[in-house]
Each structure stands twice: as C-alpha cells, then as structure tokens.
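Top to bottom, those sequences are chains L and U. Per my numbering: the first sequence = residues -8 to 433. Per my numbering: the second sequence = residues -8 to 433. Here a beta-carbon is modelled for each residue, glycine too, at the ideal position from N, C-alpha and C. Nothing here was measured: the structure is a model prediction, and the numbers come from that model.
Number of protein chains: 2
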Amino acid sequence: MSQTPLSAALIGMGTVGTGVARILLEHSERLARRAGRPILLRRVVVQNAGKPRDLSLPDGVLTDDLSRVLNDSEIDVVVQLIGGIEPARSIMRSLIDAGKDVITANKALLCEHGEELFNHAREQSRSISFEAAVAGGIPIIAVLGRSLAANQITSIEAILNGTSNFILTQMLGTGRPYGEVLRHAQELGYAEADPTMDVDGTDAAQKLVILTQLAFGTKVSLSGFARRGIADLELADLQYADELGYTVKLLAVSRLVGGSLEMHVQPTLVHRDRPLAKVDGAFNMLAMEGDCVGTTWFAGPGAGRMPTASAVIADLIDTATGRASRTFRRLDVWHEQPPIPIQPAEKIANRYYLRFNVLDRPHVFAEIADILGRCGISLASIIQHESPEPALRTADSKTDGTVVPVVVMTHRTSAGSLLAADQKLDALASLRPPRIRMPVAD
Amino acid sequence: MSQTPLSAALIGMGTVGTGVARILLEHSERLARRAGRPILLRRVVVQNAGKPRDLSLPDGVLTDDLSRVLNDSEIDVVVQLIGGIEPARSIMRSLIDAGKDVITANKALLCEHGEELFNHAREQSRSISFEAAVAGGIPIIAVLGRSLAANQITSIEAILNGTSNFILTQMLGTGRPYGEVLRHAQELGYAEADPTMDVDGTDAAQKLVILTQLAFGTKVSLSGFARRGIADLELADLQYADELGYTVKLLAVSRLVGGSLEMHVQPTLVHRDRPLAKVDGAFNMLAMEGDCVGTTWFAGPGAGRMPTASAVIADLIDTATGRASRTFRRLDVWHEQPPIPIQPAEKIANRYYLRFNVLDRPHVFAEIADILGRCGISLASIIQHESPEPALRTADSKTDGTVVPVVVMTHRTSAGSLLAADQKLDALASLRPPRIRMPVAD
C-alpha cells in the first residue's frame, strides 16, 4: 500500500461536517484500505472555533481561519460544506485557485453557478465532486456519471425531497392536514424551522437541475421549468387520489420527448403499482430509463448526517485513488454540449386529476363536462360521492346552497387545453374556489 | 480530447456479446465522449466465424482464432463472455498473461476461481472488471466497490435470479402451478431450455458469493452455505403466504450477526410492505445496509442482452479512463482480509412459515402445537380453513380420512429447534408429507 496520505480539510462542521469528521476519525483504517492510502483530516474550518461540538477533534485541527487551508500546500482536497451562494462560491473559487480538489454537498451553488465553477476547475486541472449534493446516501451522481455511461438517459422521475415525502406520507396515513403534519415533522427533525425551500419545490428543483445537466448534458436553469411545492395541498385530494388507486408524490421529472426536454417539479398522482408510489417517509427514490439498460430504480435516505457523510467519504476515496479527477474530466455536465430545448409547459401532455367545488344543483356537472369536452379534454373517471364527508360539504355564503367536490380524471391532454378550459370555467356561476389540478404519472 | 483509442476485443458473441458489439458500433461517438477517447472494437472471437449473426461487423473483425487477440499487442482490453469454467478460466489466464485488462460477466468462474484469477491479475498489474456478473443492469459492483466504500456493509438481502422471480410472480398472479408457469417462461424467453441453475438457486448463490466477497472482504464458497431453489414450491404455499400478508421470494441473504456471517439462498416470505416484496417479474433488487448510509435499494433488469451490455460498456469506459485499474487494486475482494466465520445453518434464528398436512381428526393440531412448544417454538399465527379448497383436501389412502393443510407462522426460533421438532413430528401418525418450511424476512 502506498503510504502517501491524502490530506483533507473540512469547511463547515454542521450536521454533515460532523458526520464526515466522525467517519474519518473513527474508521481511518477502513478508509485507508479502500483508498489505498490514509486519509488525514488536517484542518476543519468553522466560524466559531470556541463553540461546543458533538465531536472532539485532535488538537490543532479546528480553526476559524480559512487561510490555514488556502495557504497550506499539504492539503490536497477540501470538503466544502457551507450552504447558500456566498461566501460558498468565493471560497470554492479560492480553493480551486489554491490548487485544491473540492468536494461539496451544496446543490444550490452548483445549480446556480455550476457552469462557472466547473469551468474554473477544468482550467485549473482540479476536480469538483458532488455525490452528496443530490439524494444523500443514494449514489446517483456516480450511477449517472459512470455506471450508466453506455446509455442515453431518456427519463428521470424522482422523489428528491425527503421532507415533502414525509409530510405527504403522514398526511394520508394520519388523516391530518398539512399544517399539523408540518409541525409534527419539525418536532421530529424531518423539517427545518424554515421549511420553505423544501416544501415549495425549490430543493427538489435544484437537484433536478444537477441531474438533468449530468444525464442530458444540457444547460438548464431553475427558472426554465415549472415547479410547485406541497404547501397548498389539501388532505382531501390525497384521499381522493388514494381512492382512485394513486399516491400523490412531489415528483421531479426530466424526460426526452421528441427531441425536447420535459421538465417539472410538482405534486403528481403516481399509480399505486409503481415503485415510486411506494416510497414512504423521508426516503428518496429515482426511476431512470436509459436506451440500453431500460428502467432502473435507486432508493435510500435522501438526507441526514450519516447518509450524506457516506456520500462525501465516497468522493474522498475517489479523490485519493485518482478516480475523481478522471471522472470529473469526462462528465457531461456544464460542458460544451448542444443544448436541448425545454418543452414549453403548455405543450406537455399528461393525464390530469381535477377537483372542482360545485354548488350542489342540477346540471352543474354537465356544464363542466361540456366545457372540458369542447376543449378536447375527455374524461376517464369521475368521483362524486352521494354524501361527501361533512368537512368537504360546505355552505356557500352567497347562495345558501351546499358546495360539494367533484373529482375528474382526464385522458391524456395538454396543459394548453386545460388553460383554455380554465378560462371558460371561470365564467361558470356554479363553481367555487379552489380548483385543484395535478398531473398523473402512469 | 486525447485521441489514443482504447482497442477492445470480444470473446463470444451470444446474447450479451451481440449487445456489446452493437453499442460499440452504433454509439461510438457517445462512448468516446464519455471515455475521453474512442473505444475501437478491433476483434471478435467466436467458435464459428461462418455462422449467421444478428449484427454485421466491419470486415476483418470476426475471427475464430484466439491467438489473433492474444498476440495482438495493440489490444488493450478483452471482454470475455464465455460462460462456464473451462475453457473460460484458461482463456482468462492467457489474456492476463498477454497483458490485457479483462472484463467478464462470468459469475460461475469468479465464484469458483475468483481468488486465483484476481491474484493472477494483481501479479501481472492487470485489472478484472465484472459489473455484468451480478444483477445485469444494476450497477451493484460499482456501488459496493466504490460508492458505499465509507461503510461497513452489515446486510445484503437480494432478489438475484430474474427467472425465479418471474416464475413466482406468475404462479401467484395466474394461480397456475410451477411446471405450467415454467413452460410459459421458457416460451417467453424468461427461462432457458435447461433452467436448472436458475431454479435450483445456484445462479443466485454464485452471485451472492461475489457480493459477499466484495461487501465483507471474506472468502466464501458455494458449498459453505445453505441454498434451496423454487422448483419444489407449491402454489398453495404462495397463496397462504399471500393471505398472511407476505410474498414468497427467492431471497439471497448475507448479513453480519454478532461477528459471524449468516448466508443463504432460499424461498423466503417477505412482508408485503417491504420493497423487496414488490419486485415483480424478471427484475432484480438488492436491499443493503451500511453502518453509515443506513438502508439503500437498487433495482432493475437483472439479465438480458442490452442491460447486461450496458454494464459491460460501463466497465469498458472505466478501463478507458483509468478508473478500472484504480478500482481493481483497492477492491476488498479475494484479497488478504481476516476471514469472517459463516454461521452454522442450525444456529440461524428466523421466524418460520410451516405447513403441515394433517388427517382431519380431533386433537391432531394439539399434538403438533405440543411438540413445537416443547421444542421452544412459539406460534404467532395459525391458518386452518374450515373448508379448504377441494384441491388441498385430499383423501388419505391409508385411513380413508381427509388430509387438510394447517399453516403456522412461528415467532423467532433457530433452525436447530425446528430440526429437533422435526424428529418428534416424524413420530406422529396423523401427519402426511410434505411438511413445508420457509423462513420469514420481516
């Protein structure tokens, strides 16, 4: 075994950083065997070196001075675990300028500035590894970048946000509404104090951008596709979907359709028989299609200290063996590739779940069906219960009538046709808000 | 892009070989981009160069003369797709001696002679890549060898034989017996004309040996653990399991329990809520636990021309980039590691599914329960239908009585206790063969 150690530094010692440091310290013999040489934790940079920590580091490792990493020529690789854009971006550039390979879990940064950072690293002959940036413990970056390299990936459908998936699972399982379940998730540590980025679809969309760059070799930006989170979902719709044989998932989709890329993040009805429908709780899952391999599925913990640390350590071992630089040079990501056009949202065809709140009067449903029919939207199934639960049966203040829900599953139609129908439906006096619409992934 | 091509040869052009050649010829530009250099198919060695082929190769590529590969110093890497032990083993040694890196899908050969071949390759500084040897299109070798390298793997539970899984799924789905479903699977191409190795558990056990070597770094042999196939399974037991909330799967298990390795391949009841229970048809799935990552799942096509070719091509690209040699040097497989003892079968503790065929007379069940109880086996649930289907209600030739099935789920017990109970049960006059026993994976 070659005995030249790999010297590593860590920037940031929060949840994931602590996990990484723990594995490096507690399993150094295991890692040395698998890396072919020892991996030394030489420096950990934090904002406040005096703060009490979960893990005690060897003397002299902890510092609040970044220059002790930048100016230390013995440090080969830096695990950069600061979130957000700045100062993470500047630090990453400085690390590359200082000749360090970089490992990061910062999906927001890669999503927004990946092209700049990757080009910078290529120019400086350094590598950026980012297994931990997407889907935590599921090694999806290695799978896309190396293991499925024979394939043209044609479709990615994924559950990429564990918080949202936990909340959706709990809502249906316990019959409790979004707000209550979110508070429960926060108590259990499955949702952060400010859960916005998780529940509004941003986190999943950032991860989808990275996966799409990697799988399709095309530049996409967060603003280039539709995203919707779970924060406005009502329990009733999860229950109707269940009744129809579907599970609602926050699905991130990127798929090639006739030379364009169909891309979105949104709550989607997934047929109960599909593996994606069966992923409960805080887990992530990806279903991917490639032109050679067919469909493969990958599932596991999408976040958390030790699963994410496991991904970071895999990158460290790849760096120690020399695989990381070889992989980085060849990744189809933020590279010169002909761009693939993104399909405009109104052209994307899907089956849809629609819920209308209607005044309980004769002929109301016929009016809706007529409008949908005239817009070319044909109906696959309809639920209108004779006696909806009291919670769904509400008095209408204007007419003193009763408002009842009508649920419709359409055949395949475009979002454009639905938009046209929406305008006509707006004119109906018998409809009450909200009108719910979710696509169906069969 | 460096323009020095990687020159490859293929030995064998059956199902997988044809797939590999097709990808190399049809997607050369894609592969060159991902490998950083062109991958040229320089030679394909077959037994009969005159036989009509699915795919036409460029002039001069096809040959029946192995020496045109061995003596061609321009060939860097050889994809060796001959099955069985000889001449595959001798050819592999000759290829290594001739300075070639080798890629193989031959699980039987690696299972039996992996240690010899890996040591030989290490001595000659060549690499052996074998992603295609286990689970077809699922990149499980890369996942174990690289992506989960931070972890001590603690458990592998896997469906590794697509033929068996297809047959089990069809039996339960159509209500038809084993023999009929096997013939159907043969017609569809899901089972070979001689399906022995698939349905007797040998194929899954060979794959489990390779995975166990890789995950636990310990030497195991095919004869060192229990294996049982699906050929003697009766439809009734699949149906009773279903009634109890379980699906019968041919499960390959390798798990660390108190410093020993528990290892077996056998039909197992898997609780319906577990992902492994939901893998239908010819797919494979692996559920793996690591001490850092927790549980991860990987599923996909476990066999077939293009999925397996996808795995071979990934190895070719890894060879072209230089990753393969770096990975091979560091694999915890057929390497100097302290061996882990295999848990003796009689000590392995499990819950069990038991079916007894009993004469329909008073007190018979009490006798069975008494024997089980005296052997320390406690019962979790019992099914004895008041009116079993006629097919299961058989006349007993000796007594003119009726034989009815009694199904029992036990609490956790050792195989040793069951063996002791078996001897006592043998003495009961009211039992008729067969007695069915399957472990339960909760």
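Cβ-Cβ separation, residue 219 of chain L to residue 257 of chain L (assumed contact under 8 Å), whole Å: Along the first sequence, read from residue 1 onward, the residue named residue 257 of chain L stands at position 266. Along the first sequence, read from residue 1 onward, the residue named residue 219 of chain L stands at position 228. That pair is a contact at about 4 Å.
Close-in-space but distant-in-sequence residues of the same chain around residue -8 of chain U (CB under 7 Å, 5 per side omitted): Position 1 of the second sequence, counted from the start, is the residue given in the question as residue -8 of chain U. Residue confidence for residue -8 of chain U is low, a pLDDT of 47 falling below 50, so the modelled location carries little weight and cannot support an answer.
Beta strand (DSSP E) runs wholly inside the segment 104 to 155 of chain L, at least 3 long, in chain order: If we require 3 residues or more, the beta strand (DSSP E) runs fully inside the segment 104 to 155 of chain L come out as 144 to 150.
Residue 7 of chain U to residue 163 of chain U span [Cα, whole Å]: Taking the first residue of the second sequence as position 1, residue 7 of chain U is located at position 16. Taking the first residue of the second sequence as position 1, residue 163 of chain U is located at position 172. Linking residue 7 of chain U to residue 163 of chain U through their CA atoms gives a straight-line distance of about 30 Å.
Residue 290 of chain U at chain L interface by Cβ criterion, 7 Å: Here residue 290 of chain U refers to the residue found at position 299 when the second sequence is read from its first residue. Residue 290 of chain U counts as touching chain L.
Contacts around residue 150 of chain L, its chain only, beta-carbon distance under 6 Å, and the 5 residues preceding and following it disregarded: For this step, residue 150 of chain L is matched to residue 159 along the first sequence. Excluding positions up to five away in sequence, the list reads 156, 240, 270, 275, 276.
Cutoff 7 Å: residue 285 of chain L Cβ touching any chain U Cβ: Numbered from its first residue, the first sequence carries residue 285 of chain L at position 294. The C-beta of residue 285 of chain L comes closer than 7 Å to at least one C-beta of chain U.
Residue 157 of chain U, DSSP secondary structure in three states: Working through the second sequence from its first residue, we reach residue 157 of chain U at position 166. It is helical.
Residue range of the beta strand (DSSP E) that includes residue 430 of chain U: One-based indexing of the second sequence puts residue 430 of chain U at position 439. Run containing residue 430 of chain U: 422 to 432, per the beta strand (DSSP E) assignment.
Contact between the segment 330 to 348 of chain U and the segment 44 to 63 of chain U (3+ Cβ pairs under 8 Å): no
Contact list for the segment 120 to 134 of chain L against chain U, Cβ threshold 7 Å: 128, 129, 130, 133, 134
Under 8 Å by beta carbon: chain U residues contacting residue 309 of chain L: Stepping through the first sequence from its first residue, residue 309 of chain L is reached at position 318. Near residue 309 of chain L (Cβ distances below 8 Å), the residues of chain U are 137.
Per-residue DSSP class, three states only, for residue 286 of chain U: The count along the second sequence starts at 1 and reaches residue 286 of chain U at position 295. In this structure, residue 286 of chain U counts as strand in the three-state DSSP scheme.
Beta-carbon contacts of residue 315 of chain U that lie in its chain and below 6 Å, excluding the five residues immediately before and after: What you label residue 315 of chain U is simply residue 324 of the second sequence in a count that begins at 1. 118, 120, 309.
Local conformation of residue 231 of chain L per DSSP, three classes: Counting from one through the first sequence, the residue named residue 231 of chain L turns up at place 240. Looking at residue 231 of chain L - three-state DSSP - the assignment turns out to be helix.
Within 7 Å, strictly: CB atoms of residue 209 of chain L and residue 330 of chain L: Stepping through the first sequence from its first residue, residue 209 of chain L is reached at position 218. Stepping through the first sequence from its first residue, residue 330 of chain L is reached at position 339. For residue 209 of chain L and residue 330 of chain L, yes; Cβs fall inside 7 Å.
Chain-order list of residues whose beta-carbon lies under 6 Å from that of residue 196 of chain U (same chain, five-residue window excluded): In the second sequence, residue 196 of chain U corresponds to position 205, counting from 1. Close CB contacts of residue 196 of chain U within its chain, under the 6 Å cut and outside five residues either way in sequence, are with 213, 218, 256 (chain order).
Buried versus exposed, by CB contacts within 10 Å (16 or more), residue 11 of chain U: The residue labelled residue 11 of chain U in the question sits at position 20 within the second sequence. Label assigned to residue 11 of chain U: buried.
Start and end residues, alpha helix (DSSP H) containing residue 193 of chain U: Position 202 of the second sequence, counted from the first residue, corresponds to residue 193 of chain U. 193 to 207 is the span of the alpha helix (DSSP H), which, as asked, contains residue 193 of chain U.
CB contact flag (residue 146 of chain U, residue 246 of chain U, <7 Å): In the second sequence, the residue the question calls residue 146 of chain U occupies position 155. In the second sequence, the residue the question calls residue 246 of chain U occupies position 255. Yes. Within cutoff.
Buried/exposed call for residue 371 of chain L, threshold 16 Cβ in 10 Å: As a first step, residue 371 of chain L must be located in the first sequence, where it is residue number 380. By the neighbour-count criterion, in which 16 or more other beta carbons inside 10 Å mark a residue as buried, residue 371 of chain L falls on the exposed side.
Close beta carbons around residue 403 of chain L, own chain, < 6 Å, minus the five adjacent residues each side: Here residue 403 of chain L refers to the residue found at position 412 when the first sequence is read from its first residue. Correct list, in chain order: 340, 342.
Segment limits, alpha helix (DSSP H) that includes residue 396 of chain U: Counting from 1 along the second sequence, the entry for residue 396 of chain U is found at position 405. Taken as a continuous stretch (DSSP letters only), residue 396 of chain U belongs to no alpha helix (DSSP H), being part of the beta strand (DSSP E) at 393 to 401.
Test item: CB-CB of residue 79 of chain L and residue 61 of chain L under 7 Å: If you number the first sequence from 1, residue 79 of chain L lands on position 88. If you number the first sequence from 1, residue 61 of chain L lands on position 70. The beta carbons of residue 79 of chain L and residue 61 of chain L sit no closer together than 7 Å.
Residue range of the alpha helix (DSSP H) that includes residue 169 of chain L: The residue given as residue 169 of chain L occupies position 178 in the first sequence. Residue 169 of chain L -> alpha helix (DSSP H) spans 169 to 179.
Identity of the residue in L:51, L:291, L:139, L:1 nearest residue 73 of chain L by Cα: To locate residue 73 of chain L, count along the first sequence from 1; it is residue 82. Among L:51, L:291, L:139, L:1, the Cα nearest to that of residue 73 of chain L is on L:1.
Residue environment, residue 414 of chain U, which counts as buried when at least 16 other CB atoms sit within 10 Å: Indexing the second sequence from 1 puts residue 414 of chain U at position 423. By the neighbour-count criterion, in which 16 or more other beta carbons inside 10 Å mark a residue as buried, residue 414 of chain U falls on the exposed side.
Spatial neighbours of residue 4 of chain L in its chain, beta-carbon cut-off 6 Å, leaving aside the 5 residues before and after: Your numbering for residue 4 of chain L matches position 13 in the first sequence. Excluding positions up to five away in sequence, the list reads 35, 37.
Rounded distance between the beta-carbons of residue 252 of chain L and residue 333 of chain L, thought under 8 Å: The residue labelled residue 333 of chain L in the question sits at position 342 within the first sequence. The residue labelled residue 252 of chain L in the question sits at position 261 within the first sequence. With a Cβ gap of about 5 Å, residue 333 of chain L and residue 252 of chain L count as contacting.
Contact list for residue 246 of chain U against chain L, beta-carbon separation under 7 Å: For this step, residue 246 of chain U is matched to residue 255 along the second sequence. Close to residue 246 of chain U, with beta-carbon spacing below 7 Å, lies no residue of chain L; the smallest spacing is near 18 Å.
Cα-Cα separation between residue 443 of chain L and residue 191 of chain L, rounded to whole angstroms: Within the shown structure, residues of chain L are numbered from -8 to 433, placing residue 443 of chain L beyond reach of any answer.
Pair within 7 Å by beta-carbon distance, residue 244 of chain U and residue 148 of chain U: Here residue 244 of chain U refers to the residue found at position 253 when the second sequence is read from its first residue. Here residue 148 of chain U refers to the residue found at position 157 when the second sequence is read from its first residue. Yes, they are a contact pair.
For residue 410 of chain L and residue 456 of chain L, the rounded distance between their alpha carbons: Residue 456 of chain L cannot be examined here, being either before or after the span of chain L that is shown, -8 to 433.
Run of the beta strand (DSSP E) containing residue 254 of chain U, from where it starts to where it stops: Start at 1 with the first residue of the second sequence, and residue 254 of chain U comes out as number 263. Looking at the DSSP string, the run of the beta strand (DSSP E) that includes residue 254 of chain U is 251 to 262.
Nearest to residue 298 of chain L (by Cα), restricted to the options U:57, U:123, U:39, U:140: Here residue 298 of chain L is taken as the residue at index 307 of the first sequence, counted from 1. Measuring from the Cα of residue 298 of chain L, the nearest candidate turns out to be U:140.
Reduced DSSP secondary structure (H/G/I, E/B, other) of residue 274 of chain L: For this step, residue 274 of chain L is matched to residue 283 along the first sequence. Looking at residue 274 of chain L - three-state DSSP - the assignment turns out to be strand.
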